[in-house]
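Asks:
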Amino acid sequence: MGKVLLGLLWLLPFLGAGQKVDIKQPQGKFQQDSLKIGQEINFSFYSKHPIAAEIIFPDSTYNFAPFELISRQYFSTRTVANTSLDSVVYTLRTFSVAPVQSLTLPVFVLTQDDTVQLYSQPATIKLVQLVRGSISPANLKSNTQLLPINERVNYAYWLIGAGILFLMLVSLWLLFGKRIIIRYRLYKLQKEHAQFINRFNAFIDQFNQSESLQTIEQAITLWKNYLTDLEGNAIKSFTTREIATYYNDDEDVTTALRLFDKAIYGNIVSDKSSETIIAFFLLHHFADRRYEVIRNQTRHVPNPESVPQLV
């Protein structure tokens, strides 16, 4: 008999562990009978269970679909006659357009071997319809006239474009600026020389017809002015002797000016086919030679700024 009692005492813990915990189904209800889309609403949820039972309510990780959890408020456990009452109020909202929406929540009962979920009966609530009646779809137009709008200036793009253009121009100038200056100077030299030749030849033709001393003076003045502009000197104000000295007594210059001085100051005009005509062509030839010298200097000069500028 003593052995039987000892065996029963040994089995008591196992019998207690396998005993079913008596927990009533949890209850949940909305505190209003209707709601609007996006409106907050409170949902009361509670569970009655033996004092020894361990239960857990859903937290923020639980899916409350079709509702969204905003907040929750737990209340202290109340116990009467070995029965405890746990409750919580969830603040929810919905964006579903279903006319009637329901929610059922579980309590999680912790046992020694497993976790049991007990669900409440579904609680329903009506959605307030703000738009009543059928909504007819809008009639779409297959073609419509576009309205003109004022163009807006994108100043940022313009400034960026101007900056890029400026950098390109600076780069091109650094690479080709010297060549551009030299080519422009050569073009101007050629143009000025061609104009001088045309005017000087016109004086020669005029002298052949009139043998006028005034024509000789005009031709010499034109020649002096051209060389002054070509070489950047001041020979247009020089005397005959000073011009000859300036050009190191060049034979063409010395001979031509001597013949012209003889004609002007001696009032003696030689035969147009001899000395005076020769003097014209000597000055013409000398101007051609000086043009070639200046042109070669301009083409090969390291610094274009050092070349005399035509004015």
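Letter 210 of the sequence shown, counting from 1, is numbered 220 in our numbering, and no numbers are missing.
Each residue gets a CB set at the ideal place from its N, CA and C atoms; glycine is no exception.
If you follow the beta strand (DSSP E) that V263 is part of, which residue opens it and which one closes it?
Replies: Here V263 belongs to no beta strand (DSSP E); instead the alpha helix (DSSP H) covers E261 to Y275.
Asks: Under the three-state reduction of DSSP, which class applies to A62: helix, strand or coil?
Replies: In the structure shown, A62 sits in coil (DSSP, three-state: anything other than H, G, I, E or B).
Asks: Whole angstroms are fine: how far does the CA of R195 sit from the CA of T308?
Replies: Computed Cα separation, rounded: 7 angstroms.
Asks: Should A62 go down as buried or exposed, given a rule of 16 or more other Cβ atoms within 10 Å for buried?
Replies: A62 should be labelled exposed.
Asks: Over the uninterrupted alpha helix (DSSP H) stretch that includes G5, give me the two end residues.
Replies: This structure gives no information on residue 5, because the portion of the chain shown stretches from 11 to 321.
Asks: Are the beta-carbon atoms belonging to L45 and I170 less than 7 angstroms from one another?
Replies: Contact: no.
Asks: Per DSSP, what kind of secondary structure is T250 in: helix, strand or coil?
Replies: Helix, per DSSP.
Asks: For the beta strand (DSSP E) containing E285, list its first residue and its last residue.
Replies: Unbroken run through E285 is the alpha helix (DSSP H), E285 to H310; no beta strand (DSSP E).
Asks: Which residue marks the beginning of the alpha helix (DSSP H) containing K234, and which one marks its end?
Replies: Taken as a continuous stretch (DSSP letters only), the alpha helix (DSSP H) holding K234 covers L223 to E241.
Asks: Taking the straight line between their C-alpha atoms, what separation do you get for A297 and L237?
Replies: The alpha-carbon atoms of A297 and L237 are separated by roughly 7 angstroms.
Asks: What span of residues does the alpha helix (DSSP H) with A212 cover, start to end?
Replies: Unbroken alpha helix (DSSP H) run through A212: Y165 to S220.
Asks: What's the C-alpha gap between V294 and K188?
Replies: The question names Val, but residue 294 in the sequence shown is His. Each residue's Cα considered, the two are about 31 angstroms apart.
Asks: So, at 6 angstroms on beta carbons, what are the nonlocal neighbours of L120 in its own chain, with the 5 sequence-adjacent residues on each side left out?
Replies: Closer than 6 angstroms at the Cβ level, and outside the excluded window around L120, lie E64.
Asks: What is the C-beta distance between I66 and F105, in whole angstroms, given that I count them as a contact (C-beta under 8 angstroms)?
Replies: No, I66 and F105 are not in contact; Cβ-Cβ is about 28 angstroms, not under 8 angstroms.
Asks: Look up Y257 in the DSSP assignment and say whether it is helix, strand or coil.
Replies: Residue state, collapsed to three classes: coil.
Asks: Who are Y56's beta bridge partners in DSSP?
Replies: Answer by DSSP bridge pairing, in chain order: Q37 and S97.
Asks: Once DSSP output is grouped into helix, strand and coil, what is the label at I245?
Replies: Helix at I245.
Asks: Relative to the alpha-carbon of Q42, which residue among E221, Y100, N258 and Y197 has its alpha-carbon at the smallest distance?
Replies: When each option's Cα is compared against that of Q42, the closest is Y100.
Asks: Run through the stretch 70-118 for me and flag every whole beta strand (DSSP E) of 3 or more residues, listed as ranges in chain order.
Replies: Runs found: 77-90, 93-104 and 110-113.
Asks: By the DSSP assignment, the beta strand (DSSP E) with K136 in it spans what residues?
Replies: Where K136 is concerned, the enclosing beta strand (DSSP E) stretches over A133 to L137.
Asks: Classify G38 as buried or exposed, calling it buried when 16 or more other Cβ atoms lie within 10 Å of its own Cβ.
Replies: When all chains shown are included, G38 counts as buried.
Asks: Taking contact to mean at least 3 C-beta pairs separated by less than 8 angstroms, is the stretch 264-271 in contact with the stretch 247-254?
Replies: Verdict: yes, contact present.
Asks: By a C-beta neighbour count over all protein chains shown, 10 Å radius and 16 as the cutoff for buried, is F186 buried or exposed?
Replies: F186 should be labelled exposed.
Asks: If you follow the beta strand (DSSP E) that Q127 is part of, which residue opens it and which one closes it?
Replies: Q127 -> beta strand (DSSP E) spans T125 to Y129.
Asks: Please state whether the Cβ-Cβ distance between L102 and I51 is less than 7 angstroms.
Replies: Yes, they are a contact pair.
Asks: Going by the DSSP bridge assignment, what does L45 pair with across the sheet?
Replies: Answer is L137.
Asks: Less than 7 angstroms between the C-beta atoms of K36 and S54, yes or no?
Replies: Reading off the sequence shown, one finds Pro at residue 36, where the question assumed Lys. Cβ atoms of P36 and S54: not closer than 7 angstroms.
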